[in-house]
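Protein chains in written order, with the numbering used here: chain A, 1 to 807; chain B, 808 to 1032. Beta carbons: idealized from backbone N, C-alpha and C, even for Gly. Step one of this worksheet: look at the structure below.
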Amino acid sequence: MLKNYFKSAYRSLLKQKSFSFLNIAGLTFGLTACLLIALFVWDEQQYDKFIPEGEQVYRVYIERTTVSEGTENMAFTPPMFATTLEQEFPEVEEALRFFNIQWKVLFEANGKQIYEGSGIAAESGFFEFFPLHFVFGSPKNALADPTSIVISTSLAERYFGTENPVGKEILIDNDPFQVKGVYQNNPKFHLAVDYIIPLQTMGFPEERMQSWTWQNLFTYVKVKKGVNGENLEAKFQKLVEQDVHPILKEGGMTYLPQFQPLENIHLYSADFKYDMAVRGNITYVKGLSLIALFILVIACFNFVNLATAKSLKRAKEVGVRKSIGASRNQLILQFLSESILLAFISVLISVLLTLLLLPWLNDFTGKQMALPVLNPLVLLLLVSLSIIVGVIAGLYPAMVLSGFQPVKVLKGGSAGNVQPGKIPWLRHGLVVLQFAVSVLLIISAIVVYQQVEFLNNKDLGFEKEQIMFFPMRGENMVGNYEAFKNQLLQSPGVSSVSIGYGFPGDMVAGDGIIVPRGGEHKRYSVTQLMVDHDYIKTLGVEVIAGRDFSKEITTDATEGFIINETAVKELGFGTPEEALGQPLHWEVWVDEPADSLKKGQVIGVVKDFHYKSLYDEVEPTVLQIFPPAFWKVAVKMKTADIAATLEHVKTTWNSFSPEYPLEYGFLDDSFEQMYKAEDKLRALLWIFTGMAIFVGCLGLFGLAAYAAERRKKEIGIRKVLGASVQNIVVLLSQDFVKLVLISLLIASPIAWYLMQGWLQDFAYRIDIGWWVFGLAGFAAVAIALLTVGFHAIKAALKNPVKNLRIE
Amino acid sequence: MIKITNLVKVYRTEEMQTTALNQLNLEVKEGEFVAVMGPSGCGKSTLLNILGLLDDPDSGSFLFNGIEVANFNERQRSSLRKQHIGFVFQSFNLIDELSVFENVELPLIYLGVKESERRKRVEEVLDKMQIMHRQKHFPQQLSGGQQQRVAVARAVVNKPHLILADEPTGNLDSSNGNEVMELLTDLNEQGTTIVMVTHSEHDARYSHRIVRMLDGQTVLTDIMV
């Protein structure tokens, strides 16, 4: 019986080639999107699952509350967390701390010199918490010695190739370390680090390691078997509230420790500040899952739509089968076998497509995903997917088709249940829904495109082009930065050079500034840019009141402060002119003598400029000359002969720090890096929009085919009566244009609401213009007309006699 | 075999209702060959559909082999149909996607006959209809006469007691038409009851009895000699 079903299913697929093609194309498309998304979602949930007893491991982070920034989650914790947890709570088996080495350091081994950027300094228990697989050496006591280092396979390969490096020496910024082991890089580990050195190597002073306020370490805790992490968290919070909060309040800040289960770190830390974990975002994972489901359902809808549209053609077959004794259930089974066969073919093709597209997706997401097609479980899943999709897609058409009355269908063309003037709500509803999604995505894509363009083109208040950017290295260079700078300026290609700490797109320091006012000293939290005399000139920042730092006026270096417009308002100085001459005090960043104050006054006000991304509003900012913090170099170049200028910079570098290679970037590049996420979102949105439009068109195509089929007699009569081809095309198209307009009405407010929400994340954003909705609507109507037009014209050009003879 | 009493069938649309069968009475005995004639719209096809259990009457009685079937539900009708009734249509109504063999085999599949038995019976009937050599062909590859022979083969493969033929020669030329009529006569002689709707006096002469209909009623019965 089943064999017979599949045989006739196979033949009818072959018979209706274009119909089968459309169905298979639609389903394949939906399934491929689903498979790709499913792989991504599955992969995102695999982080840290390889760690044995991982359910006993928690990361400790803090919920920090300050007056200026409100409550934020921070991955940084003070050193005393681990100490206290281990000493005061018997539930704790062990605690672990490590420090993230955020800057690039120079590695030298085997004759190679490379700046390495991802390493940590960890306590010796690291490999007991996270038993990474060791390729060479052993995790045991690997971090016991202060000069030991454990490296990843990828770092090892850069210096030693495939040979065993255990016992070899690596110089890190000229200090010798000995390789104790090599661990396999694990893409499913939330800490993507290439080297680990002992925490003691960092040389943090003992009193700092007993601090509750210095927050710079990551803390993990492993509880004993059967211990409830939440209870322990509550107990620890209570202790912190009682013992620590009094100390914290002096600094205008409080925090509460929080326990985060190990398996949640990857997906549930998206909003954490100062986090170093490889992070995903549970919102994206959920959103994508929803989209995958949606695409699949829509693809199934299309099948429903096309199949019911084709039902007229198959009505006769149903009549015959029924008259020779087929029961309704047998017919339902027959049609279901057809849709299951179709779904099965689609699954096969989409598996192939998925395999083809995976490298691209891996590239886009930076992952290493694979689809193990030969895994029996995966095979079983794919087969069940075929059956489920086949049943979802085929059930409704099967019910409709099998319900035909043989008496009616055998007599004439009409399927019996089609009554003139009755609107097929289900099919129309589906098309409206699909087009609403398309319109929604078109609008979103336009808005995101506009915002990204806005971000890239907004006047940032400084000139980021043609600025070469690099950190100083080596004592000779740092100690003689003035000489270094002067030598750089020797080249005719260099128009100016600034050395400092706090360049746009780079790290900036937040610190307090004190405003003495009427005997009272009020402290404000501001951004401090440590600059030299040429910073404002090099970046082209505009001075709107007062003056720039000047070398002629020697007190500028010791007493001068320049602030931005926002600082003028925040510090309560009234207008930029009124701010000039106002006194400011700053607690100098040196350990000795403690509490030394730099006392000075405002000498100039600059226009606000965006040294951070446009997600953040411009903060009150203070610029001052403070050479001990000088670290980065910005070289403004002329456009002529850049090669020669670069050569000059290299030569100059080598004459100061030949032991370090020069590694540089450009300011505008590092600025664009900040909008990488938006660029990806933009790319994704285009893809989804394309998909949604394609799928929507499939549905519309089916509906148009159905309408043309159903109305062919009417069309024939109209033509006999003198209707032109245009008349017919308009007649057939106008219904669909109406549907698309309805979907525009539904989608526009939703799109507006969603996009407003997205734009809220940006401190600086575009307004959504009405033309966006107009454009999206126009695009949707145009696409719909193109799709429907094919059938409309085909129907209109048909010889009317043919259509009429059928009746 | 068939006894119909006061049968009424009304078709309703939103605006109007048409009485297709109006208090119709008819009796067909086992082994009879009855032709039903009448002008277009007189209710012949409606009658045939009700006899074939494809449609149900609004009122009246329909005894099939002594059983009242007027109130049968879809399932009961389908089951009765596949065991006892074979259909032959004017437009053949073969399934285009299935070969000759498979078209004829289909009723047996729906009856749940085993595959070896099916093969035997299909071959038997194809042989009898002299289209054995065409069994692998598809309907479009056959002439009209051949298609109708396949349709008849399909109608008789499950050895029905009753064959309902709706203008079986309507789409055929006269020589092919005669062949089909010969086939039906043969079947009748072997004991199958046949009810045939036709416009052709020529075809009607093959039957034992002509029932003439007008406006949903039987008006006259000619007994053929």
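*Contact set for Asn-164/A: own chain, Cβ-Cβ below 7 Å, skip 5 residues either direction*: These residues qualify, in order along the chain: Phe-136.
_Relative to the C-alpha of Ser-323/A, which candidate in Asn-985/B, Glu-924/B, Ile-811/B and Leu-855/B has its C-alpha closest?_
If we check each option's Cα against that of Ser-323/A, Leu-855/B comes out closest.
_Among Val-478/A, Val-351/A and Ile-514/A, the one whose alpha carbon lies nearest that of Gly-500/A_ = Measuring from the Cα of Gly-500/A, the nearest candidate turns out to be Val-478/A.
*Flag Ser-20/A as yes if its beta-carbon sits less than 8 Å from any beta-carbon of chain B, otherwise no.*
Taking Cβ atoms only, chain B never reaches closer than 8 Å to Ser-20/A, which makes this a no.
*CA-to-CA distance, Lys-676/A to Ala-704/A, given in whole angstroms*: Using only the alpha carbons, I get a separation of about 42 Å.
*Would you say Ala-326/A reaches chain B, if we count a Cβ-Cβ gap shorter than 8 Å as a contact?*
It does; some Cβ of chain B falls within 8 Å.
*Using a Cβ-Cβ cut-off of less than 9 Å, list which residues of the segment 876-888 of chain B approach chain A; keep chain order.*
Residues Glu-881, Arg-882, Ser-885, Ser-886 and Arg-888.
*His-791/A: buried (16+ other C-beta within 10 angstroms of its C-beta) or exposed?*
It is buried - the Cβ of His-791/A has at least 16 other Cβ atoms within 10 Å.
_the segment 884-901 of chain B touching the segment 922-937 of chain B, judged by at least three CB pairs closer than 8 Å_ = Cβ pair count under 8 Å is below three, so no.
_Partner residues on chain B for Lys-15/A, Cβ-Cβ distance less than 8 Å_ = Simply Asp-903 and Glu-904.
*Tell me whether Ser-1057/B sits in a helix, a strand or coil according to DSSP, three-state version.*
As displayed, chain B neither begins before 808 nor continues past 1032, which places residue 1057/B out of reach and without an answer.
_Residues that Asp-1036/B contacts on chain A, provided the C-beta gap is smaller than 8 Å_ = Because chain B is modelled from 808 through 1032, residue 1036/B falls outside the range shown and cannot be assessed.
*Using the beta-carbon count (16 or more within 10 Å), is Gln-56/A buried or exposed?*
With 16 or more other Cβ atoms within 10 Å, it is buried.
*Can you pull the DSSP bridge partners for Pro-810/A?*
Absent from the model: residue 810/A. The displayed extent of chain A is 1 to 807, so no value can be given.
*chain C residues whose Cβ lies nearer than 8 Å to that of Ser-12/A*: Among the protein chains in the structure shown, which are A and B, there is no chain C.
*asked:* Would Leu-1021/B pass as an interface residue toward chain A - the criterion being a Cβ-Cβ separation below 8 Å?
replied: Leu-1021/B does not count as touching chain A.
*Would you mind reading off the limits of the beta strand (DSSP E) that contains Ser-866/B?*
Taken as a continuous stretch (DSSP letters only), the beta strand (DSSP E) holding Ser-866/B covers 866-871.
_Asn-281/A, DSSP secondary structure in three states_ = Coil at Asn-281/A, not helix or strand.
*Rank Leu-739/A, Lys-235/A and Leu-395/A by C-alpha distance to the C-alpha of Glu-88/A and give the top, closest one.*
Lys-235/A is the residue among Leu-739/A, Lys-235/A and Leu-395/A whose C-alpha sits nearest the C-alpha of Glu-88/A.
*Per-residue DSSP class, three states only, for Tyr-917/B*: Residue state, collapsed to three classes: helix.
*asked:* Between the alpha carbons of Ser-495/A and Thr-77/A, how many angstroms are there, rounded?
replied: Going from the Cα of Ser-495/A to the Cα of Thr-77/A covers about 44 Å.
*asked:* Extract the residue ranges of the alpha helix (DSSP H) inside the segment 670-728 of chain A, only unbroken runs of 4 or more that lie entirely within it.
replied: DSSP runs (the alpha helix (DSSP H)) wholly in the segment 670-728 of chain A: 676-710 and 712-720.
*Three CB pairs or more closer than 8 Å across the segment 617-626 of chain A and the segment 546-560 of chain A*: Counting Cβ pairs under 8 Å, three or more are found: they touch.
*In DSSP terms, what Gly-429/A is bridged to*: Looking at the DSSP output, Gly-429/A shares a beta bridge with no other residue.
*Residues bridged to Gly-519/A by DSSP?*
None; Gly-519/A has no bridge partner.
*Neighbouring residues, chain B, relative to Lys-713/A (Cβ below 7 Å)*: Chain order gives no chain B residues near Lys-713/A, where near means a beta carbon separation below 7 Å; the closest approach is about 17 Å.
_Reduced DSSP secondary structure (H/G/I, E/B, other) of Gln-46/A_ = It is coil, neither helix nor strand.
*Between the segment 908-936 of chain B and chain A, which residues of the former have a C-beta closer than 7 Å to a C-beta of the latter?*
Cβ contacts with chain A: Leu-913, Pro-914, Ile-916, Tyr-917 and Leu-918.
*asked:* Counting C-beta neighbours from all protein chains within 10 Å, is the total for Phe-671/A 16 or more, i.e. buried, or is it exposed?
replied: In summary, Phe-671/A is buried, with 16 or more beta-carbon neighbours lying within 10 Å of its beta-carbon over all protein chains present.
*asked:* 8 Å is my cut-off, CB to CB: does Glu-263/A come that close to chain B?
replied: Among the residues facing chain B, Glu-263/A is not included, as its CB has no counterpart in that chain under 8 Å away.
*What residue from Met-755/A, Phe-773/A, Ile-544/A and Ala-708/A has the CA that sits closest to Ile-793/A's CA?*
Selected option, being the one with the closest Cα: Ala-708/A.
_Sufficient close CB pairs (3 or more, under 8 Å) joining the segment 747-761 of chain A to the segment 441-448 of chain A_ = Output reads yes: the segment 441-448 of chain A touches the segment 747-761 of chain A.
*Neighbour flag for Gln-756/A against chain B, beta carbons, 8 Å*: Not an interface residue.
_7 Å Cβ cut-off: residues of chain B touching Val-320/A_ = Simply Asn-900 and Ile-902.
_chain B contact residues for Asn-4/A, given Cβ-Cβ distances below 7 Å_ = The answer, in chain order, is Ile-916.
*Would you call the CB atoms of Gln-955/B and Leu-979/B closer than 8 Å?*
Contact flag set, yes.
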